[in-house]
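Take a look at the structure set out below.
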Amino acid sequence: MPIFLVLLNWHGGNSILSSLTTEITAREKLPTTVISSIVLAGHVWEEENEPLFDDVHAGALETSIIQAYWPELVAQADLENLDFVPNIEPAYPQSVFQALGMYAVSKTGVWGKPQKANPQKGRVVIEGVVKEIYSQIISLLGLIETLS
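If you read the sequence shown in numbering that gives the first Met the number 0, its first letter stands for residue 0, the second for the next number, and so on.
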């Protein structure tokens, strides 16, 4: 069975990790990739729910996952008051994070609608992400074995 390195990341820093994996593969001759779990989570969420256009940080998706696995960390009474979507157009969220930081844009750290969170949806998202990561790793192993 071939050996390769997989970096799993939830969000933030994915562009840097992509560059790093390319360099590791080239310099060390160790096949390396990064799997962005947040992208997979967004796809799983949108298969069953409304699109996440403005759900960037601590919104419906991430709050659903926290409610599913660590419900004691979510203060339900506060969710209605935390809904916040900043107007940053025409900038992109990642550019805003990098240039300004989250708390310059949102004093609470919320960028989305956490009141739309649902713990059952959070569990479905994580289960879907795990299946997708497994599938990607198996596919990569097959390709590495075939092409090496």
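Think of the CB as a built atom: it goes at the ideal place given N, C-alpha and C, for glycine as much as any other residue. On a predicted model such as this, the values are computed, not experimentally measured, just so you know.
Around the Cβ of residue i, are there at least 16 other Cβ atoms within 10 angstroms (buried) or fewer (exposed)?
i           : result
residue 142 : exposed
residue 100 : exposed
residue 77  : exposed
Comparing alpha-carbon positions, which option in the options lies nearest residue i?
i           : options          : result
residue 36  : 146, 140, 133    : 133
residue 83  : 114, 100, 72, 89 : 114
residue 105 : 121, 130, 11, 87 : 87
residue 14  : 38, 79, 68, 73   : 38
residue 40  : 131, 79, 144, 70 : 131
residue 97  : 12, 120, 71      : 12
residue 69  : 53, 122, 102     : 122
residue 107 : 144, 19, 85      : 85
residue 93  : 112, 25, 72, 53  : 53
To which residues of the same chain is residue i closer than 8 angstroms at the C-beta, ignoring the five residues directly before and after it?
i           : result
residue 23  : 4, 29, 31
residue 109 : 56, 57, 58, 81, 82, 83
residue 137 : none
residue 6   : 16, 19, 20, 31, 32, 33, 34
residue 47  : 120, 123
residue 51  : 41, 44, 45, 58, 59, 60, 111
Less than 8 angstroms between the CB atoms is what I'm expecting for residue i and residue j, so what's the real figure, rounded?
i          : j           : result
residue 66 : residue 118 : 4 angstroms
residue 43 : residue 128 : 6 angstroms
Grab me the residues of residue i's own chain with a C-beta within less than 6 angstroms of its C-beta, minus the 5 sequence neighbours each way, in chain order.
i           : result
residue 116 : 59, 62, 63, 66
residue 112 : 58, 59, 82
residue 149 : Any property of residue 149 remains undetermined from this structure, which presents the chain solely from 0 to 147.
With a threshold of 9 angstroms between beta-carbons, can residue i be considered close to chain D, or not?
i          : result
residue 39 : As a matter of chain content, chain D is missing from the structure shown, which is built from one protein chain.
Among the residues of its own chain, which have a CB less than 7 angstroms from the CB of residue i, if the five just before and after it don't count?
i           : result
residue 147 : 1
residue 9   : 36, 37
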